[in-house]
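Q: Residue numbers (the UniProt record's numbering): 1 to 345.
1) What residue from 224, 294, 111 has the CA that sits closest to residue 138's CA?
2) Cα-Cα, which of 239, 177, 60, 279 is closest to residue 262?
3) Whose C-alpha, out of 284, 248, 197, 12, is nearest the C-alpha of residue 229?
4) With a threshold of 7 Å on Cβ separation, who are the neighbours of residue 41 within its own chain once the five nearest residues in sequence on each side are excluded?
5) When burial is assigned at 16 or more other CB atoms within 10 Å of the CB, is residue 316 buried or exposed?
6) Determine the extent of the alpha helix (DSSP H) in which residue 318 is found, giving its start and end residues.
7) Thinking just about the alpha-carbon of each residue, which of 77, 344, 89, 154 is nearest to the one in residue 333?
8) Please go through the same chain and pick out, in chain order, the residues whose beta-carbon is closer than 6 Å to the beta-carbon of residue 63, but skip the five residues on each side of it.
9) Determine contact between the segment 65-77 and the segment 296-308, defined as no fewer than three beta-carbon pairs at a distance below 8 Å.
10) From the DSSP output, which residues share a beta bridge with residue 223?
11) Given this structure, state the Cα-to-Cα distance separating residue 143 from residue 268, to the nearest angstrom.
12) Ends of the beta strand (DSSP E) at residue 65?
13) Assign residue 162 to one of two classes, buried (16 or more other C-beta atoms within 10 Å of its C-beta) or exposed (fewer than that).
14) Which two residues bound the contiguous alpha helix (DSSP H) that contains residue 44?
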């Protein structure tokens, strides 16, 4: 049986012979998707020049500098995101990727806007977690005008110029937290929500879903005012200690933002019946929250699927760069969230 020819390969890939010639010999650029079609067809028919095609496609891949703007570097959660995002960039198949990770210790909107502008001088595209604020949104609009796409991660912003969002359905997440607290308590009582900041849309939506569930399905529970931890464990620790003393009927806490380690520390120190019976629901499975589940300090952890989120974010960012100039809608990637308890960690 004769070996497949270039004409056979062109027919299998549904492209012209000249296109196959360009892919093999690199005389002129070919769209990455077209080159991949030719490669897939070559593998399928056993084309003898497969190695040359792979080498040419690899050489022709663009270089993309992926910039990531995360929150406090001292928090293990954001160290985890940094590691996973870097691995996702290394594995990105459509370009030679370089990960540039920057952290913000000062979360104020003016500092966030300055950090966005600073990162834009190093990166081709930016993925970030930040608050929703006019100064932040103005920075995103500036970058969009300069051709630098911004994709939000975990918490969205209201800037229409953003290129996409990757995260959970946060209203559903909040309702799920409420469902667990309502069903794990033998009798109604007072419930509270800790958010990191009132400016994070994800946390605001989580709180809305949480409150709406109790209004609709468990009205005998009484909602306390929402408390902001400013993403600091010490603040969460002090709030937890205060509520354990002041609220005799406190039965449920939803930690929708940062500070869960402070909550766990307060519960470790307070061995009262009220503290031991408190149903706490938190976010993100880390080594710390895993320990909290094992100790019984946390009852449920609602977590982003970490690898799926980082892979999806990098793919969305890469698409925004490779399709730059084309009229594409904002890419909304809503991922399912994982539910963890002491029984399944």
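Glycine included, every Cβ here is placed at the ideal spot set by N, Cα and C.
A: The relevant details are as follows:
1) 111
2) 239
3) 197
4) 9, 12, 13
5) buried
6) 306-322
7) 154
8) 96
9) no
10) 191
11) 46 Å
12) 63-70
13) buried
14) 32-45
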